[in-house]
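Chains as they are written, first to last, in our numbering: chain A, 1 to 263; chain B, 264 to 526.
Here a beta-carbon is modelled for each residue, glycine too, at the ideal position from N, C-alpha and C.
Model, not experiment: these values are computed from the prediction.
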DNA sequence: ACTGGGTCTCGTACACCGTACAAGGGCTCT
DNA sequence: AGAGCCCTTGTACGGTGTACGAGACCCAGT
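Structure, rendered in structure tokens:
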């Protein structure tokens with residue numbers, strides 16, 4: 001274990017995964033262990049949000065003092081880092097393997113990833129902060145890489161393609177989950193919240209001008225079902241674009257190679 | 264002005280842009296005004312990071328007490344929200360218009376957006392938190408929308424395509440800027456930090472297995488110039504994929520329409 | 001000239017945060 | 001009985017955001 005103060009002095013090593021990872025025993029009178037802490041933290045994060053989680057409240061939930069947690073963990077950040085990896089584990093990798101060819105595997109993976117981000121609104125801001133090299137995160141990364149490998153793209157292009165797909169999913173999931181969180185905070189359904197937001201824009205004279213060209217588009221969208229459907233449609237179509245993009249790049253690559261050969 | 268406590272009770276309206284936005288005067292003895300506060304905050308955020316900014320430190324930088332800031336602003340969050348919109352203003356929209364056809368406009372816009380995110384590492388986490396409906400953010404959104412409009416995609420697909428491109432840029436910029444931040448924190452060059460990270464993985468026996476298939480890929484990358492070049496190459500190629508994807512979808516759409524007509 | 005009221009700044013105070021440190025309590029082993 | 005480890009706790013420190021009330025200044029109205 002490392003004191004928080006020491007950790008700060010060596011930020012290159014500032015990941016729980018880059019040092020002693022063997023959990024400390026849970027035979028104590030409180031029946032605590034790292035897993036129970038992390039699982040409880042995840043539940044509280046889901047319910048109350050990232051900013052509301054405090055060591056004292058988490059400890060209270062476990063019928064224990066705040067300082068007890070520090071036996072199992074160096075830092076509050078460590079708990080979040082463990083939590084992040086744990087929810088990476090919620091992605092169903094077996095389902096990905098079962099999906100068949102790369103197009104379907106990427107789609108299944110991306111959808112499950114997105115759903116996970118939306119289910120845990122604290123994930124996107126947190127995941128961005130750490131190296132995400134826990135076992136579950138790495139397993140997901142490997143599955144992504146396997147899928148991209150099978151596209152037939154040249155090796156040196158595969159990381160770029162991985163970025164294109166999964167940075168998109170990350171960004172999309174981030175925005176979507178923040179929207180959900182805001183709606184919930186306001187105590188509205190997503191549909192109502194969407195309607196209110198649009199109305200608020202419209203009523204602001206300062207925005208009317210800039211929004212003018214967007215007007216038709218907003219009306220068009222408002223007429224197409226509820227917000228959840230819109231999120232789904234947009235996501236699906238964006239995935240279509242990405243898959244089509246990869247296919248096109250592959251075929252360009254293939255054609256270029258054949259031209260070289262016949263010449 | 265609204266008290267922070269009241270703001271919390273009505274989170275639907277919890278954007279500085281959705282209420283009285285007229286700045287309060289700066290004729291006071293300290294020569295303060297909202298703009299000066301926000302500009303200083305941005306500088307401090309760039310230098311010290313999001314978590315290190317406190318009202319007291321920001322106030323000290325302006326030779327003033329913390330509570331003085333609350334004359335111009337309801338909440339610390341408001342300052343961040345203003346800061347976010349201000350740096351959206353750094354994106355050079357005139358250059359976008361000058362770029363010509365939609366492909367180039369999208370590329371210029373995406374690159375400038377990405378650079379902005381990297382220049383201000385606190386942006387991605389912050390931007391995700393607010394509605395981003397300030398004047399500069401809206402202007403950027405409009406430019407994006409104009410570019411996508413000219414692709415020839417059907418109206419109801421344009422928002423999806425916008426997502427695909429700019430959620431990707433957001434995700435990519437987020438990861439890239441976090442990487443830079445970590446390297447800087449560790450006091451290393453990005454190249455050294457990258458090397459160290461890879462080495463740390465390799466040395467962890469627990470990861471060796473999962474990383475095995477990635478091995479070649481990592482070696483391949485290590486042999487291609489420095490980290491900055493890798494970031495640039497990956498980004499450019501991902502944009503190629505996205506543009507190719509949009510083109511392909513457009514031509515599929517066109518073909519489908521023609522089939523319908525001739526039948 | 002005096003006064004009242006707005007505009008701005010400050011001092012104090014509160015509740016809460018993460019966590020360092022040292023002092024235990026309970027258990028097992030000798 | 002005593003030593004030593006595992007785990008929990010109490011207390012304390014230095015920080016945070018911000019509510020509240022008391023001023024200081026300036027300008028308009030009488």
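For residue i, three-class secondary structure by DSSP
i: residue 238 of chain A; result: helix
i: residue 136 of chain A; result: helix
i: residue 232 of chain A; result: helix
i: residue 23 of chain A; result: coil
i: residue 173 of chain A; result: helix
i: residue 525 of chain B; result: helix
i: residue 125 of chain A; result: helix
i: residue 150 of chain A; result: coil
i: residue 131 of chain A; result: coil
i: residue 143 of chain A; result: helix
i: residue 426 of chain B; result: helix
i: residue 245 of chain A; result: helix
i: residue 4 of chain A; result: helix
i: residue 14 of chain A; result: coil
i: residue 514 of chain B; result: helix
i: residue 183 of chain A; result: helix
i: residue 30 of chain A; result: coil
i: residue 73 of chain A; result: coil
Residue i at chain B interface by Cβ criterion, 7 Å
i: residue 190 of chain A; result: no
i: residue 248 of chain A; result: yes
i: residue 53 of chain A; result: no
i: residue 18 of chain A; result: yes
i: residue 179 of chain A; result: no
i: residue 49 of chain A; result: no
i: residue 113 of chain A; result: no
i: residue 170 of chain A; result: yes
Cβ separation of residue i and residue j, assumed to be a contact under 8 Å, to the nearest whole Å
i: residue 388 of chain B; j: residue 308 of chain B; result: No, residue 388 of chain B and residue 308 of chain B are not in contact; Cβ-Cβ is about 11 Å, not under 8 Å.
i: residue 316 of chain B; j: residue 329 of chain B; result: Actually they are not in contact, since the Cβ atoms of residue 316 of chain B and residue 329 of chain B sit about 12 Å apart, beyond 8 Å.
i: residue 512 of chain B; j: residue 241 of chain A; result: 6 Å
i: residue 178 of chain A; j: residue 392 of chain B; result: 7 Å
i: residue 348 of chain B; j: residue 397 of chain B; result: 3 Å
i: residue 15 of chain A; j: residue 81 of chain A; result: 7 Å
i: residue 420 of chain B; j: residue 502 of chain B; result: Not quite, the Cβ-Cβ distance comes to about 19 Å (not below 8 Å), so this is no contact.
i: residue 355 of chain B; j: residue 375 of chain B; result: 6 Å
Cutoff 7 Å: residue i Cβ touching any chain A Cβ
i: residue 437 of chain B; result: yes
i: residue 366 of chain B; result: no
i: residue 388 of chain B; result: yes
i: residue 457 of chain B; result: no
i: residue 268 of chain B; result: no
i: residue 463 of chain B; result: yes
First through last residue of the alpha helix (DSSP H) which encompasses residue i
i: residue 307 of chain B; result: 297 to 311
i: residue 82 of chain A; result: 76 to 88
i: residue 113 of chain A; result: 102 to 119
i: residue 94 of chain A; result: 93 to 98
i: residue 194 of chain A; result: 190 to 203
i: residue 322 of chain B; result: 318 to 324
i: residue 332 of chain B; result: 329 to 332
Cβ-heavy atom distance, residue i to the ligand PLP, below 6 Å
i: residue 17 of chain A; result: Although the ligand PLP was asked about, the structure shown includes no ligands whatsoever.
Open item on the list: To be precise: take each residue of the segment 25 to 40 of chain A, compare its Cβ to all Cβ atoms of chain B, and keep it if any distance is under 8 Å. Which residues remain?
Closed with: none
Task: Positions along the segment 480 to 509 of chain B whose CB lies within less than 9 Å of some CB in chain A - done: 480, 483, 484, 487, 493, 496, 497, 498, 499, 500, 501, 502, 503, 504, 505, 506, 507, 508, 509
Open item on the list: By the 8 Å beta-carbon criterion, what residues does the segment 142 to 164 of chain A contribute toward chain B?
Closed with: 142, 145, 146, 155, 156, 157, 158, 159, 160, 161, 163, 164
Task: Cβ-based contacts, 8 Å cut-off: residues of the segment 125 to 140 of chain A near chain B - done: Cβ contacts with chain B: 125, 128, 129, 131, 133, 135, 138, 139.
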